[in-house]
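Per the UniProt record's numbering, the sequence shown starts with residue 1, numbered consecutively. Reviewing the structure listed below.
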Amino acid sequence: MAFEIERKFLLRGDPASRLGNEVGEHLRQGYLAIDQAVEVRVRIGSESAAVTVKAGRGVVRTEVEMPIAADEAEELWIHTMGRRIEKTRYRIDLAGAGLDRRADVAEVDIYHGSLAGLSVAEVEFASESSAAEFVPPHWFGRELTGDDRWSNAQLARHGLPEEFINGSP
Numbered sequence: 001m002a003f004e005i006e007r008k009f010l011l012r013g014d015p016a017s018r019l020g021n022e023v024g025e026h027l028r029q030g031y032l033a034i035d036q037a038v039e040v041r042v043r044i045g046s047e048s049a050a051v052t053v054k055a056g057r058g059v060v061r062t063e064v065e066m067p068i069a070a071d072e073a074e075e076l077w078i079h080t081m082g083r084r085i086e087k088t089r090y091r092i093d094l095a096g097a098g099l100d101r102r103a104d105v106a107e108v109d110i111y112h113g114s115l116a117g118l119s120v121a122e123v124e125f126a127s128e129s130s131a132a133e134f135v136p137p138h139w140f141g142r143e144l145t146g147d148d149r150w151s152n153a154q155l156a157r158h159g160l161p162e163e164f165i166n167g168s169p
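So this is what it looks like as structure tokens:
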């Protein structure tokens, strides 16, 4: 069984200064099914597409990703109306910048459309102990790990949490 060990953070300020010359990938993500325990999504990127099943909550979750053809992804996309997000993803080298040896990369997502203004960082780890010991850089803000309101599935369904809209995340 495949597991994802990940922590998620709200970013402080405009993340553009942290991105340097990084080129991001535009991603469309639509949810085919969402319930309390499991979510099934289709993700369409510039060069790949996949169906992903995620289960669980918190730092450690089950994740199974299956690559699919672009035309198949577009067929599935039709069935995600009302449960979609669009974002640009950047990969920031944490280890190379001397920030933290417990994590190599932060994936910085800058959202578009109804989620414009939201930017988060997701950091994946090889072990739960590495995740627990990780010290986020100062430009990471509040930790969102385990707060379902900030999961991509819930953002796709319900939009931004009220506290973000009111300016107090």
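Glycine included, C-beta positions come from ideal geometry on N, C-alpha and C.
Of the residues 161, 131, 77, the one whose Cα lies closest to the Cα of residue 86 is 77. Excluding its 5 nearest sequence neighbours in each direction, residue 120 has C-beta neighbours in its own chain below 7 Å: 8, 9, 10, 11, 109, 144, listed in chain order.
Between residue 70 and residue 50, the beta carbon gap of about 11 Å keeps them out of contact (Cβ cut-off 8 Å). Out of 117, 45, 159, the CA that lies nearest to the CA of residue 82 is found in 159. Rounded to whole angstroms, the separation of the alpha carbons of residue 166 and residue 130 is 34 Å. The Cβ atoms of residue 149 and residue 34 do not sit closer than 8 Å to each other. When rounded, the separation of the alpha-carbon atoms in residue 20 and residue 47 is 22 Å. For the 8 Å CB-CB criterion, residue 107 and residue 84 do not form a contact.
Inside the stretch 130-154, DSSP marks whole beta strand (DSSP E) runs of 3 or more residues at positions 140-143, from first to last along the chain. Excluding the 5 residues flanking it on each side, residue 52 has same chain C-beta neighbours closer than 6 Å at 41, 65, in chain order. Between the C-alpha atoms of residue 147 and residue 134 there is a straight-line separation of about 18 Å. Judged by DSSP secondary structure, residue 27 falls within the beta strand (DSSP E) whose first and last residues are 25-34.
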